[in-house]
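Sequence positions in the sequence shown follow this note's numbering and run 162 to 234. Backbone N, C-alpha and C define an ideal beta-carbon position, used for all residues, glycine too. Everything numeric in this text was worked out from a predicted model, so none of it was measured. The next block holds one structure in the form of structure tokens; read it before the comments.
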Amino acid sequence: MNQLSKQQCELRLSSYKAQLEKLLDLNVEQLGHFNVKKYTLNRKYLEGKIEYYQSKIDTIKASTIKVHHSETV
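Laid out in structure tokens, this is it:
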């Protein structure tokens with residue numbers, strides 16, 4: 162199974178957030194038409210990856226809490 166650990170997910174999440182932050186710092190008005198399209202696609206891609214890894218982290222946290230709770234019962 163190709164399961165990512167919580168730490169791996171957090172590292173990837175922070176990397177994608179940093180990339181998105183750099184992208185959002187660009188002055189879109191100075192980009193040409195083609196580059197605006199590329200900018201938009203990159204932004205959507207990064208936002209999707211951020212959402213994906215945040216979801217994975219939330220799932221890992223939830224399963225960890227369930228396992229911990231069932232062990233204490």
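DSSP places residue 166 outside both helix and strand once states are collapsed to three, so it counts as coil. Under the three-state reduction of DSSP output, residue 203 falls in the helix class.
In the three-state reduction of the DSSP assignment, residue 209 falls in the helix class, which pools H, G and I.
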